[in-house]
Amino acid sequence: MKAKKCMALLLAASLTASLFSACGKTDNGSTSANSGSDSTSAESAGSDKENTNDGGDPAFQKFPEVVEVHIGQGVSTTDSLPEGLSVENNQYTDYLLENFNIKVVVDWTAASGNDYNQKVALCIASNTLPDAMTVSREYMIKAANAGQLYDITDLFQEMQSDQVKEVMDSTGGQAIEESSVNGRQYAIPAVEVETAGVQVINIRQDWLEEYGLEAPKTLEDVENIAKVFAEKKPAGEDTVPIAGPDKSTNSYTNFLQTGTTTCGFDAVFSANDAYPGIFLKDEDGTITYGTNSDETRKTLELLADWYDKGYIDPEMGTRDSSIELINSGKVGMFFGAWWMIGYGIGDAYRNEPDANWQSYPILTDDSKWNVKLGSATTGYCVINKNVSEDVAKAIIIMANVLLRDESKFDVSEQPLSYWPVRTLMAPADECEYTYHELIKVLDGTASVEDYQGVSTAYKLLSNDVEVVKDTIPGYETGKQLSISDFSTENFGNFQRMYSLMIGDRPYATTPVEKEVRSCIFNQTETMEKKWANLWSMENEMVMKIITGKSDISAYDEFVENWMNEGGSDILEEVAQAQ
Amino acid sequence: MKTAVMKTRPFAKKRTSRTFFHYNLMVGIGLLWLIFFNIVPMFGIIIAFEDYNPIQGLWGSEFVGLEHFEYLFSMSDSRRVIVNTLVIAVSKLILNIIVPLAFALLLNEVRQLRFKKFVQTIVYLPHFLSWVILASVLLEIFGYRGVFNALLSVFGVEGKIWFSEESCFRQLVIFSDVWKEFGFNAVIYLAALTGISPDLYEAAAIDGCGRLKAVWHITLPGIASTIVVMAILGLGNVLNAGFDQIFNLYSPLVYSTGDILDTWVYRMGLLNVQFSLATAAGLFKSAISFLLIVISYVVAYKAADYRIF
Amino acid sequence: MIQGKTLGNRIFRIFNTILMLILTLSCLYPLWYTFCLSISDKAAANSGMVTLYPIGFSLASYQEIMGDLQFFRSFLISAERTVLGTLVTILILAIFAYPLSRPSSEYRPKNVLMWLVVFCMLFNGGTIPWYITMVNYGLIDSMAGLILCGGVPVFNLILLINFYRGLPRELLEAAQIDGAGVWTILFRVVIPCSVPILATLVLFTSVGYWNEYFQGLVLSSNESHYPLQTYIKQMVVNIQTTNLSMDQIEKMDKLSNKSLNAAKVFIAMIPMLVVYPFLQKYFITGIMLGAVKE
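Protein sequence lines, in the order shown, are assigned to chains P, R and U. At position 549 of the first sequence (counting the first as 1) the number is 549 in the numbering used here, and the numbers step up by one without a gap. At position 178 of the second sequence (counting the first as 1) the number is 1178 in the numbering used here, and the numbers step up by one without a gap. At position 170 of the third sequence (counting the first as 1) the number is 2170 in the numbering used here, and the numbers step up by one without a gap.
Listed below in structure tokens is the structure:
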């Protein structure tokens, strides 16, 4: 009972909050925006004007009559709803119905993962798509090519909220491009933070200090440190200077992947100006495949040398989990994305509370930071071609509302995964922005109150600023944070703050010389058939060379085979797609 | 024949037409089921010969001939999948004859009838459990914290997630299938064994024939035809390595050794949305199986005088 | 000589008995293990301490299942599907097989029909065309769909036809002379004489329906229509701890409850365990009669 009352209060509070923010926005003089929707909301305006957004902003308009949106929804088997609630009837669907007259009808559900994908594939095959569902890239392209999807190119521009636009713009147009087929946009993309694709080196600072070493800047420094770790064995006989990929991870990412690899070597390649796994376009428009370059070859030789000297985990590629190895305190260095150091290796701090892990960028020999970036989007909300315009609008509105109001819901009992056709959106620079704002709060140049009630795309910021001071009691302006400055009392907060303040510090503070993205993020026709094959061939080659099972001639052989077994066709197709 | 029937019965003609009508009625219900649920979906095979577009449908999609088949055979993936399928299926085929046979022979030596009956009843058990259920139990037992690892740790062997090991997956699949089916498969051999006259054994015993010799000279020849028939019939299943089993047990980690035609077709069609390619691969499998079944039935008929239809 | 032989015999007997015991136990163990897990304490089950006997006896899992509507719904769907499906299938097969078992002189379309049936046994269109057809029939989320969607079990049909064909001719002729119609002959003579094979087919068919999960998944729009095996299939999530992403790490704490899962699996095993020992004597003869004719 009590819990329910609290919920109601919370909801009411969030409603008023959203009301204010919406009013604030229209006051800022957006006369052009409301001309289109005025006529539609005119009838409803009289009756329930007081509890809706005033209809001025099409991004948050309330439909005069209930609009039914039929969806297919993935449900997580680990998240469940309280008794009496369902995918069709929960705080999120209530909220959408009450405030926007959007009634969510769930045509089908399936467990997220393969069961869900299978359902999507069958929908496409039998041409029975629901009005909306979230899918991964190959399904989106398949359905778009078959002509089953609603072209939202113009509608999206008209309907997206300012925050959504902010998120889209933060990717520099990449998000829209990735959700388009043949120049037309067919999906609302889910956008991932950019730093998820940036790999940094994580290192045991306490070990460095023990041997009087400096933090690494270049590959040479890494090698020297690894040499010391290998000789002194700070964690005993089985010390591993540098962790490597385990049997389910790769040595580097390819152009289809969003994040970076965990314990892979992307950063090592980038520091040598090599970008394997992605397609590159040089100044005069020639397309090359990053793996087929002298720099990649050189880096592979370097890694093989490191492995040979015992710097890299001798069991790389066969271990069940490199993360477990790190958690056990045997590892001196590993590569990973910003979140690895906090979220990824929580047990490392539980086992060894003063393991002072620190993240750094790896620079080229002339001190430049080259960064290989992944695709910007992780999922796509597609709309059935045959829906009415209102339904299409409603689906875009749902995405708008999710981004604006996400933080207002109490997700402890009703997880956010039950948001109908959820498209996760984070501004590309969310982590870096948060980093700088948190520094301001810690320095005292901004106060916690400054962030409350402000509606931005940075939806977790207001919560972050609230907990930052308690989580980092030892902060001193100008001093590099270390593990001893953090409080692990609330472990979840600790993990987030450690990831943000240490793990994302490189990307937030180090200027990037060269951002390298693949010039294509989806598969061409030949790739659809042959990529999986080529990629597994490539992985095998890399793994064998690094671990010394083959010498470098296997690389030359691979390049030749790659070209012959479809690679040359693929390069041509990629060039055509530009 | 027919005239003979008519001659013997005066009302034969009237009777035949009425019987014919009722026979049609009897066939009718089953035939409807057959047509609507077996034959209609079969027309989908044409997907394998076209570039299937769901909007244009089965009949409107562009016809591309054998393109998908050509590609299918040019893929190095398909080689791996076919090798896996053959290795797993053939091993199962052989072991599913030898192990139940050995079991039946040994069980046949058990003299306490009640114990024999008890053993027989229990070993059928796994046959009646689905792979969904057995897989969940097996993954548990052979999991990282499972019983098997606990057993190994006694001998100081390092634990693994056994069904995620490339090098063990096939063996485990074959072994678990043989284990699941040996009891049930032994039914036929046990029944055949009861057909051998006890007099033969007595005569052999009088001749001073040992147990092994008796098995070799009396038992095996006695059930040889059954063994031959089972082996030949198994031929038709050479491309059926067991979708249900592998689908419930495998993971991407073991694709290299555990991926079989059926699971590959499933992933191609339903997860990679390559509808036409998957259908083509399925058709390829059907065609080969068809050929093998025809061959095996002809052989069965010729070699063991066994006819199924 | 004789001495050594009996000694060898005795040793062989002992070893043989032990081997039989081991095999029997290996077949019982998964059942026992699941049962132990299900009545063990949740913490003990999750940490992998349960191996040979229950640890920290607790009926919490069964209590929880008592309150699990979805589990019961799935159980009932499976039960209904198995009972109805088996009845319908066996009835249709029993009737369908009779005309096809007559010589072609008596029922001329027989040969054509047999070819059709055999063809259906060997070819199918694959999952996708099959699914499209089912959607067009409107069989999503329906009991009829769950029962009929697999099509005629052709192999069983052929077994039955073979059996009918093997029935003594005099029996049928005697009935014909008595003036019995074809339906009377079928129900009064043929079917009563075919109890072993029909019992075998009842067992095969019901096991098939009870154990089927894939069609249940594909033909259901949501969990509330899942048969039990489908429910169990998606319940036992195979979490791969090696492929960690941020999202998954947050979910690590919610790792599935092994004791509860085991209880569900155990309950799903029970119906088959109860049924098959009773049909045992039939299927032994049934298999012999249907499969291997000397």
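Every residue gets a Cβ at the ideal spot worked out from N, C-alpha and C, and that includes glycine.
Apply the 10 Å Cβ neighbour rule to residue i and answer buried if 16 or more other Cβ atoms are within range, or exposed otherwise.
i, result
"ARG1170/R", "buried"
"THR253/P", "buried"
"ASN2009/U", "exposed"
"PRO1054/R", "buried"
"TRP2183/U", "exposed"
"PRO2168/U", "exposed"
"VAL2195/U", "exposed"
"GLY1146/R", "buried"
"GLY36/P", "Legend: pLDDT at GLY36/P = 35, less than 50; position of this residue unreliable, value from coordinates given subsequently. It is exposed - the Cβ of GLY36/P has fewer than 16 other Cβ atoms within 10 Å."
"GLU432/P", "buried"
"ASN997/R", "In the structure displayed, chain R extends from 1001 to 1309; residue 997/R sits before or after that span and is not available."
"MET2252/U", "Caution is warranted here: a pLDDT of 43 is assigned to MET2252/U, below 50, making its placement in the model unreliable, and no coordinate value can be reported."
Just the Cα atoms here: how many angstroms apart are residue i and residue j?
i, j, result
"ALA399/P", "LEU2028/U", "53 Å"
"GLY310/P", "SER482/P", "29 Å"
"ASN1248/R", "ASP266/P", "34 Å"
"ASN2211/U", "TYR2231/U", "11 Å"
"LEU2100/U", "GLU1140/R", "47 Å"
"THR524/P", "SER322/P", "33 Å"
"MET1075/R", "TRP562/P", "13 Å"
"PHE1043/R", "GLY2125/U", "7 Å"
Could you list which residues in chain P have their beta carbon closer than 8 Å to that of residue i, in chain order?
i, result
"VAL1273/R", "ALA121, ILE124, ALA125, GLU138, TYR139, LYS142"
"ILE2177/U", "Within chain P, no residue comes near ILE2177/U; the closest Cβ sits about 55 Å away, beyond 8 Å."
"VAL2135/U", "SER126, THR128"
Residue i touches chain R at which residues, Cβ-Cβ below 8 Å?
i, result
"GLN118/P", "LEU1270, LEU1271"
"GLN148/P", "PRO1054, ILE1055"
"LEU2113/U", "VAL1027, LEU1031"
"MET2269/U", "LEU1129, ILE1133"
"GLN2229/U", "SER1130, VAL1132, ILE1133"
Who are the neighbours of residue i on chain U, taking C-beta pairs under 8 Å?
i, result
"ASN1038/R", "CYS2120, ASN2124, GLY2151, VAL2152, VAL2154"
"ASP107/P", "SER2221"
"GLY1146/R", "GLY2048"
"ALA1150/R", "GLY2048, THR2051"
"PRO1126/R", "CYS2027, PRO2030"
So with CB distances below 9 Å, who are the chain U contacts of residue i?
i, result
"THR377/P", "Ordered by position in chain U, no residue passes the 9 Å Cβ test against THR377/P, which lies about 16 Å from the chain."
"ASP115/P", "LEU2217, LYS2233, GLN2234"
Report yes if the CB atom of residue i is closer than 7 Å to the CB atom of residue j, and no otherwise.
i, j, result
"GLU406/P", "VAL193/P", "no"
"GLY259/P", "GLY277/P", "no"
"ALA125/P", "TYR116/P", "no"
"TYR360/P", "PRO506/P", "yes"
"GLU1181/R", "HIS1217/R", "no"
"CYS2120/U", "GLN2215/U", "no"
"TYR475/P", "SER462/P", "no"
Excluding five sequence neighbours on each side, which residues of the same chain lie with their C-beta closer than 6 Å to the C-beta of residue i?
i, result
"VAL240/P", "ASP313, LYS330, VAL331"
"VAL1265/R", "ALA1278, ALA1281, GLY1282"
"ASP1990/U", "Residue 1990/U cannot be examined here, being either before or after the span of chain U that is shown, 2001 to 2294."
"ASP151/P", "ARG184"
Flag residue i as yes when its Cβ comes closer than 6 Å to any non-hydrogen atom of the ligand GDP, and as no otherwise.
i, result
"LEU2116/U", "Of ligands this structure carries none, so the ligand GDP is not represented either."
Which residues in the same chain as residue i place their Cβ atom closer than 7 Å to its Cβ, once the five residues preceding and following it in sequence are excluded?
i, result
"ILE545/P", "LEU300, ALA304, ILE552, ALA554, TYR555"
"TYR211/P", "VAL228, LYS232"
"MET2049/U", "ILE2055"
"CYS2036/U", "VAL2050, TYR2053, PRO2054"
What residues of chain U sit near residue i, judged by a beta carbon separation below 7 Å?
i, result
"ALA111/P", "GLN2234"
"GLY1183/R", "CYS2027"
How would you list, in chain order, the residues of chain P whose beta-carbon sits under 9 Å from the beta-carbon of residue i?
i, result
"TYR2131/U", "LEU122, ALA125, SER126"
"ILE2128/U", "ALA121, LEU122, ALA125, SER126"
Using a Cβ cut-off of 9 Å, pull out every chain R residue sitting near residue i, in sequence order please.
i, result
"GLN2280/U", "GLN1120, THR1121, TYR1124"
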